[in-house]
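Below is one structure; the comments refer to it alone.
2 protein chains.
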Amino acid sequence: MSRIYETAEICFEGAAPAGSEALAAPQAVFVKDGKELSVKGFYAGGGLYKVRFLPEEAGTWQYTITGDGTERPLTGTLEVTAQETGETQAEGAKQGPQGSALHGPVRACGTHLKHADGTWFYSFGTTVYALAHQSEALMNETFETLADAPFNKVRMCVFPKHYNYNHNNPRYYAFERSAAGEGLTFEAQEGDQVAGMSDAKDTSVNNWDVNRPCFAFWDAFEDKLLRLQDLGIEADLILFHPYDRWGFANMPQQDNLIYLDYLLRRLAAFPNVWWSLANEYDLCLAKSLQDWEEIEQFVAEHDPYHHMLSNHNCFKPWDWSRQNVTHVSWQTRELYRVQALLKEYGKPVLIDECRYEGNVPESWGNISGRSMAQRFWQVTVCGGYCTHGETFYPGTKEAEFNTQTGESEVVWWARGGRLHGESPARIAFLKEIIDSLPGPIEPAAGGLQAILLMSPAEQEKVLEQTPEGFRGFLKALLAMSPAEQERFLAFNTAYEGKVGDGDAFLIYKDTECSSLADLSLPTDKTYRIEVIDTWEMTRETVQTGASGKVQVRLPGKEYMAVLAVKE
Amino acid sequence: MSRIYETAEICFEGAAPAGSEALAAPQAVFVKDGKELSVKGFYAGGGLYKVRFLPEEAGTWQYTITGDGTERPLTGTLEVTAQETGETQAEGAKQGPQGSALHGPVRACGTHLKHADGTWFYSFGTTVYALAHQSEALMNETFETLADAPFNKVRMCVFPKHYNYNHNNPRYYAFERSAAGEGLTFEAQEGDQVAGMSDAKDTSVNNWDVNRPCFAFWDAFEDKLLRLQDLGIEADLILFHPYDRWGFANMPQQDNLIYLDYLLRRLAAFPNVWWSLANEYDLCLAKSLQDWEEIEQFVAEHDPYHHMLSNHNCFKPWDWSRQNVTHVSWQTRELYRVQALLKEYGKPVLIDECRYEGNVPESWGNISGRSMAQRFWQVTVCGGYCTHGETFYPGTKEAEFNTQTGESEVVWWARGGRLHGESPARIAFLKEIIDSLPGPIEPAAGGLQAILLMSPAEQEKVLEQTPEGFRGFLKALLAMSPAEQERFLAFNTAYEGKVGDGDAFLIYKDTECSSLADLSLPTDKTYRIEVIDTWEMTRETVQTGASGKVQVRLPGKEYMAVLAVKE
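So the sequence lines, in the order shown, correspond to chains A and B.
Here the first sequence stands for residues 0 to 566, numbered as in numbering that gives the first Met the number 0.
Here the second sequence stands for residues 0 to 566, numbered as in numbering that gives the first Met the number 0.
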């Protein structure tokens, strides 16, 4: 008995693999009503093989397993029931399946995201890179924090992480050591460099024997995925990253692919996984562009469920127009470009790193809670999705920042623990508003901004159609070169969104301290208008039955928003 | 008896001009010790002619006046004394000459500004466009406000201004009416357009007879220049602008030049005038680029004193590399570009419009006081100069915003009156710090930012010289296209300045809430280090005798700065 959207697992014993334990891959075929899905299993150690299957239809699935680990075909049936519905299973009930285990894996739908059952998924991400590489006590604290936080996606690494404020060795590694790695302690030393970011490293020696998975690692890692799944949180799994002192960032490409092969057979049947090929692919200096394209293709081909797949940059954006890429996963501070990117790629735009709330000296990690909350509003109102992170310098507020575990150097963005910032409450407030809307948001800014976002040919056409008396003004605008126009947009972008065909309008006033907002609502509908203080987290209905040109009084302070919802 | 750097005026009676009262121009030559300066006078009405002369050397000047208004050459001597020095005339004493009347006209010196006597001029501007077109009571209030404000430059128009929150007719106009203008009342009407911004206007009819100056206007206008001079404030005179309903924005070009000819003969001898060819030249749709170039050349040629001269944009930047242009006068929100522009133009960079503190609905006029103060710090620390403006919506805070004059619709940026914002105090605090430095600031940001500001060829050279181990990281940075690099800079700019050869360093942390700042000071000097809270306006000396690598504890909040001054 299985439930739709939850991982079904078939275990069987067999002879231990003669060759690579990573590559031993039983073949399974699942059939129902003429539908057929081929998946591969994996060797789980101790003479045990497993095949995992993520059913997306209820009913009776027949399966046949052959190949590695089997002496003769294994057959059987899997009864898959639909999810229960009704009050007890209502979203947010915090009992029974949540998120993807309730609604199915997340996939792109135009520029937005939907679960397999058609439920919209509005991503509100956070970042805990080395979540799975901490002590049990610290991980427990992390999950407790996540249970009360607004986040429904976590960016996290498969491999451990070595970087400022993040120097611990994990309990397990994904593989057993090779001869080259035998005896290495990997203790962090003063002045250790980030190995994956050095172009002096070669990939001819691997400390790890990718053909011998460390089964305890994978069991423990999957436990974390299940705990996220129980919280309704997507695991945006980072498959490679440069922040390394163990050698995982500099494995030979054939070993990278063996690792991915094993990982995909183990993890693809989890409903809540996403594939982030890298954190900062362009700083993984041991990998060429060709390596990355091969990795991308390999992951896409070997995932029977077509989970979300993207690649994340430090500087140079990945080419998100590529066919295997489901969404933009951008590290940037150029948040004004969400609208342009939605237009350029026609895919969901996730700002997966936009600086972190905190107080470390590094500029990527010392924005205020106000600024973090502001970024979520800027991105969200334009139809994108933003990702949070928190980096308070360990020890700067001792009493406050010690974790329950007593461990030092615990910063949320790397290791988890507790949240200390001011933004999560504001992000929760925003999420509540977004969840209450009748659908996802599309960018809606008009005026000069809309014209500047057009191609030169489109701009020329607008000019032709503009009557004398105003045409000269537009010409003055478009007298700026394309580069000047682009730079102009960076600081002249209005953050305005709409839902459907006039179902709702959400205008974020950002740092504007306006005392008035002018709205042009459709005249064939009436609206309830709310003034929202995004920082103080207050909502006030100021008009009902509003239609057409409407003027709304604002308090003349930063970070206000106006919401108009069709009555 | 005249004093150096103060306007000397020689008046004489003569027959009223037979032709144009504007073009009647007595010729004067001033000679001293073989030095010779030719200047022209003007007709002042009522049979009176005047020649004004701005002496920049003390001593006995011989003059001869011929031409219009004279029957035979008028000769005489002008004794010019040096400025008194000593305690009673100390800068800031607020008695006796101030600013340019004490130190001489301001001129560009590299990327900075100096008075004629060699005193640095650090520009802290504000904006009161229609300052000179208000009631006497309101103008008095404006000057009282300026006397207590930190500003030493005011952007102000010669012609009256018509725009939102600014609809009054002035008492005087620069010229008498032409037949076409006779009987026009110029009362502002609901829905009036900004005439100068319409490309439907033609310039074949002029409401004004530029050959008949309104002498009362000019006398009153000059009184305002003198009152600014007495306060040590530069008048950045805007010669044209589009915000018009009277017709001054759409005069024929030959009339524009007659106007300028008269203006320059009257005003060039004021020590504290600058020429801003326009406010938003690119929205003055009646003027072609060729017209502007002619105007620029005309002003430069007809100003014997070579006052500061620039042109100000709405969208398309003026070409500030042109020979007659003394400085960049940029309307922009791209404040991160100050460093790049200093490099590009090698001239002073004045950000003469960067949004205004206020709460009007228009985005150009509703930033917070915090944001205005932030902009001053961003620009100043990088070696540029910033200009303030204030636009609180009239009536939004009635009790607070009524002026003493009882007039309605009084917004500082257009009409003057009183200041209500939070930024002026912070600008005064910044000015105090800058005035205390041993010299002007040069941009000093290093690291990736410095590399991104290089040309592609320079970048290539840096790459070659970077050792393996770090070269790959730099390559990753430079893998971004030039456009991507430019966009990256917009939100990855550090605001850091230095004075001289290590005399002082000023680092503005902007929105970074860092708990630590790392300084690399020269090892051959020692420094006193201050932590500055630019918003709370506090300064604390945290280290003395500091040298080399220094770490400074910061409070982890926005808008902090660190100053290191050589001991």
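C-beta: ideal position from N, C-alpha, C; glycine also.
Checklist entry - Is Cys-587/B close to chain A, meaning its C-beta is less than 8 angstroms from at least one C-beta of that chain? => result Outside the displayed range of chain B (0 to 566) lies residue 587/B, so it cannot be described from this structure.
Item to check | His-305/B, buried or exposed, once every other Cβ within 10 Å from all chains shown has been counted against 16 | outcome: By one-based count along the second sequence, residue 305/B stands at place 306. Exposed, since its Cβ has fewer than 16 Cβ neighbours within 10 Å.
Checklist entry - Do you know whose CA, among Asp-32/B, Tyr-42/B, Lys-497/B, Glu-459/B, lies nearest Asp-218/B's CA? => result Looking up residue 218/B in the second sequence gives position 219. Among Asp-32/B, Tyr-42/B, Lys-497/B, Glu-459/B, the Cα nearest to that of Asp-218/B is on Tyr-42/B.
Next on the checklist: Does chain A have any CB closer than 8 angstroms to the CB of Cys-313/B?
Outcome noted: Looking up residue 313/B in the second sequence gives position 314. Chain A contact via Cβ: present.
Checklist entry - For Arg-332/A, which of Thr-543/B, Asn-491/B, Glu-35/B, Glu-333/B has the nearest alpha-carbon? => result For the purposes of this step, residue 332/A is taken as residue 333 along the first sequence, with counting starting at 1. Cα-wise, what sits closest to Arg-332/A is Asn-491/B.
Checklist entry - Run through DSSP, which three-state label would Gln-550/B get? => result Within the second sequence, numbered from 1, the residue matching residue 550/B stands at position 551. Looking at Gln-550/B - three-state DSSP - the assignment turns out to be strand.
Item to check | Residues, ordered as in the chain, of the segment 493-514 of chain B that lie near chain A by beta-carbon distance below 8 angstroms | outcome: Ala-493, Thr-510, Glu-511, Cys-512, Ser-513, Ser-514
Checklist entry - Who are the near neighbours of Phe-487/A in its chain, counting only those whose CB is closer than 8 angstroms to its CB and skipping five residues on each side? => result Your numbering for residue 487/A matches position 488 in the first sequence. Around Phe-487/A: Leu-451, Met-479.
Item to check | Candidates Ala-413/A, Val-564/A, Phe-220/A: closest to Gly-364/A by CA position | outcome: The sequence position of residue 364/A within the first sequence is 365, counting from 1. Considering only alpha carbons, the answer is Ala-413/A.
Checklist entry - Does the beta-carbon of Leu-288/B have 16 or more other beta-carbons within 10 angstroms, so that it is buried, or is it exposed? => result For the purposes of this step, residue 288/B is identified with residue 289 of the second sequence, where counting begins at 1. Leu-288/B should be labelled exposed.
Checklist entry - In chain order, what residues of the same chain have a beta carbon less than 8 angstroms from the beta carbon of Ala-398/B, not counting five sequence neighbours either side? => result By 1-based counting over the second sequence, the position of residue 398/B is 399. Per-residue confidence for Ala-398/B stands at a pLDDT of 40, beneath the threshold of 50, marking its modelled position as unreliable; the derived number appears in the next sentence. Result list for Ala-398/B: empty, nothing under 8 angstroms.
Checklist entry - For Lys-508/A versus Ala-560/A, is the C-beta distance shorter than 8 angstroms? => result Here residue 508/A refers to the residue found at position 509 of the first sequence. Here residue 560/A refers to the residue found at position 561 of the first sequence. Contact: yes.
Next on the checklist: Do Pro-96/B and Glu-5/B count as a contact pair if the criterion is CB distance below 8 angstroms?
Outcome noted: Position 6 of the second sequence, counted from the first residue, corresponds to residue 5/B. Position 97 of the second sequence, counted from the first residue, corresponds to residue 96/B. Yes, the Cβ-Cβ distance between Glu-5/B and Pro-96/B is below 8 angstroms.
Checklist entry - Along the chain, where does the alpha helix (DSSP H) that runs through Gly-579/A open and close? => result In the structure as shown, chain A begins at 0 and stops at 566. Residue 579/A is therefore absent and cannot be evaluated.
Checklist entry - What residue ranges within the segment 227-295 of chain A form continuous alpha helix (DSSP H) runs of no fewer than 4 residues, ordered along the chain? => result 252-266
Checklist entry - Who are Ser-362/B's beta bridge partners in DSSP? => result Counted from its first residue, the second sequence places residue 362/B at position 363. DSSP output for Ser-362/B lists no bridge partner at all.
Item to check | Where Phe-375/A meets chain B, residues with beta-carbon distance less than 9 angstroms | outcome: Numbered from its first residue, the first sequence carries residue 375/A at position 376. By Cβ distance, chain B contributes nothing, its closest Cβ being about 16 angstroms from Phe-375/A, past 9 angstroms.
Checklist entry - In angstroms, rounded to a whole number, what distance separates the CA positions of Thr-87/B and Ala-57/B? => result Taking the first residue of the second sequence as 1, we reach residue 87/B at position 88. Taking the first residue of the second sequence as 1, we reach residue 57/B at position 58. The predicted position of Thr-87/B is uncertain, since its pLDDT is 46 and thus under 50; a value taken from the coordinates is nonetheless stated next. Distance between the alpha carbons of Thr-87/B and Ala-57/B is about 20 angstroms.
Next on the checklist: Taking a contact to mean a Cβ-Cβ separation below 8 angstroms, would you say Pro-241/B touches Leu-276/B in this structure?
Outcome noted: As a working note, residue 241/B is residue 242 in the second sequence. As a working note, residue 276/B is residue 277 in the second sequence. The answer is no: Cβ separation not under 8 angstroms.
Checklist entry - Can we say the segment 375-394 of chain B touches the segment 414-424 of chain B, given the rule of at least three CB pairs closer than 8 angstroms? => result yes
Checklist entry - Beta-carbon of Ala-475/A versus every beta-carbon of chain B: anything under 8 angstroms? => result Against the first sequence, residue 475/A aligns to sequence position 476. Chain B, which has a Cβ nearer than 8 angstroms to the Cβ of Ala-475/A, makes this yes.
Checklist entry - Thinking just about the alpha-carbon of each residue, which of Tyr-335/B, Glu-361/B, Gln-448/B is nearest to the one in Ala-516/A? => result Indexing the first sequence from 1 puts residue 516/A at position 517. Nearest C-alpha to Ala-516/A: Glu-361/B.
Checklist entry - What residues of chain A sit near Ile-440/B, judged by a beta carbon separation below 7 angstroms? => result As a working mapping, residue 440/B is identified with position 441 in the second sequence. None at all; the shortest Cβ gap to chain A is about 21 angstroms.
Next on the checklist: Under 8 angstroms, Cβ to Cβ, is there at least one residue of chain A near Leu-259/B?
Outcome noted: Locating residue 259/B in the second sequence gives position 260, counting from the first residue. No, its Cβ sits nowhere closer than 8 angstroms to a Cβ of chain A.
Checklist entry - Going by beta carbon distance, what residues of the same chain come within less than 6 angstroms of Thr-76/A, once the five residues before and after it are set aside? => result Your numbering for residue 76/A matches position 77 in the first sequence. Hits under 6 angstroms: Thr-59, Gln-61.
Item to check | Per-residue DSSP class, three states only, for Thr-202/A | outcome: For this step, residue 202/A is matched to residue 203 along the first sequence. In this structure, Thr-202/A counts as coil in the three-state DSSP scheme.
Item to check | Bridge partners - Ser-513/A, DSSP secondary structure assignment | outcome: For the purposes of this step, residue 513/A is taken as residue 514 along the first sequence, with counting starting at 1. In DSSP, Ser-513/A forms no bridge with anything.
Next on the checklist: Using DSSP's beta-bridge definition, name the partner residues of Ala-560/B.
Outcome noted: Position 561 of the second sequence, counted from the start, is the residue given in the question as residue 560/B. In the DSSP output, where bridge partners are listed per residue, Ala-560/B has Tyr-507/B, Ile-531/B.
Item to check | Same chain, Cβ closer than 8 angstroms to Ala-427/A, neighbours up to 5 away in sequence not counted | outcome: By 1-based counting over the first sequence, the position of residue 427/A is 428. The answer, listed in chain order, is Ala-148, Pro-149.
Checklist entry - Taking only beta-carbon atoms, is Ala-398/A less than 8 angstroms away from chain B? => result Residue 398/A sits at position 399 when you count from the first residue of the first sequence. Unreliable placement is indicated for Ala-398/A, whose pLDDT of 40 sits below 50; no coordinate value is reported for it.
Checklist entry - So with Cβ pairs under 8 angstroms, would you call Asp-198/A a contact of chain B? => result Here residue 198/A is taken as the residue at index 199 of the first sequence, counted from 1. With 8 angstroms as the cut-off, Asp-198/A counts as an interface residue toward chain B.
Checklist entry - What are the boundary residues of the beta strand (DSSP E) that His-111/A is part of? => result Counting from one through the first sequence, the residue named residue 111/A turns up at place 112. His-111/A -> beta strand (DSSP E) spans 111-114.
Next on the checklist: Report the CB separation of Thr-202/A from Asn-249/A in whole angstroms; it is logged as a contact under 8 angstroms.
Outcome noted: Residue mapping note: residue 202/A aligns to position 203 of the first sequence, counting from 1. Residue mapping note: residue 249/A aligns to position 250 of the first sequence, counting from 1. Right, the Cβ-Cβ distance comes to about 5 angstroms (below 8 angstroms), so this counts as a contact.
Checklist entry - Listed from N- to C-terminal order along the chain, which residues in the segment 413-426 of chain B have their beta-carbon within a distance smaller than 7 angstroms of any beta-carbon of chain A? => result none
Checklist entry - Which partner residues does Ile-350/B have in the DSSP bridge list? => result Taking the first residue of the second sequence as position 1, residue 350/B is located at position 351. In DSSP, Ile-350/B forms a bridge with Trp-329/B, Cys-385/B.
Checklist entry - Hey, how far is the Cα of Leu-263/A from the Cα of Pro-270/A? => result Numbered from its first residue, the first sequence carries residue 263/A at position 264. Numbered from its first residue, the first sequence carries residue 270/A at position 271. Using only the alpha carbons, I get a separation of about 13 angstroms.
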